[in-house]
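In the numbering used here, the protein residues as written are -3 to 169.
Spelled out as structure tokens, the structure:
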């Protein structure tokens, strides 16, 4: 069977990214509560457990928002790297039939390409979201999406840096 390679559209990629974020947002609270339970057990057996250990755990994590955000980001990046290396895409991308491939050979991306892609994307996202101004965040994202729309391979900025493309396979009849 002959296959024709098409570059994945921007809309499909954005929707796949939203699906991935929804999945991660569903997993993260579970991990958060596991960390709270571990924290509570550790302080339950120590002399610091004079008060409610669960309340202490919540207060600890509340005061460490940056730490929690960093753990969340690292978890998301590591999960994305593992998924792309093993399955050539994240759950959202696979749901839409999108695969991440090397731009030159159209074979599976190398580990280094995947690490560069995922890390650089997260850096750009963090910079745009950490400005504190929604309008600046949307402006940055709009510029990046505009570049991808007019690119012949429909590559986002992080794809260009890592030299990968997002493709979908359609059987030609």
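Heads up, the beta-carbon is just placed ideally off N, CA and C, and yes, glycines get one too.
Are residue i and residue j close, meaning C-beta to C-beta below 9 Å?
i	j	result
residue 134	residue 144	no
residue 100	residue 84	no
residue 73	residue 115	yes
residue 124	residue 110	no
residue 6	residue 150	yes
residue 141	residue 1	no
Looking at C-alpha atoms only, which residue of the options is the closest neighbour of residue i?
i	options	result
residue 64	25, 11, 75	25
residue 8	95, 20, 67	95
residue 3	148, 159, 158	148
residue 11	139, 123, 93, 79	93
residue 81	90, 66, 156, 104	104
residue 27	69, 89, 131	69
residue 119	32, 66, 22	66
residue 251	146, 156, 62	Here the chain has residues from -3 to 169 only, and residue 251 is not among them.
Checking the sheet assignment: what are the DSSP bridge partners for residue i?
i	result
residue 104	97
residue 3	163
Starting from the C-beta of residue i, find all residues in its chain whose C-beta is less than 6 Å away, skip the five residues before and the five after it, and write them out in chain order.
i	result
residue 113	154, 158, 160
residue 71	none
residue 89	12
residue 117	154
So does residue i have its beta carbon nearer than 8 Å to some heavy atom of the ligand MN?
i	result
residue 132	In the structure shown, the ligand MN is absent, as is every other ligand, since no ligand is present at all.
Which same chain residues, not among the five before or five after residue i, have their C-beta less than 7 Å away from its C-beta?
i	result
residue 76	86, 114
residue 107	81
Whose C-beta lies closer than 8 Å to the C-beta of residue i among residues of the same chain, with five residues either side of it excluded?
i	result
residue 91	12, 15
Kindly say whether residue i, judged by its beta-carbon, lies nearer than 9 Å to any beta-carbon of chain C.
i	result
residue 23	Although the question refers to chain C, the structure presented lacks it and comprises just one protein chain.
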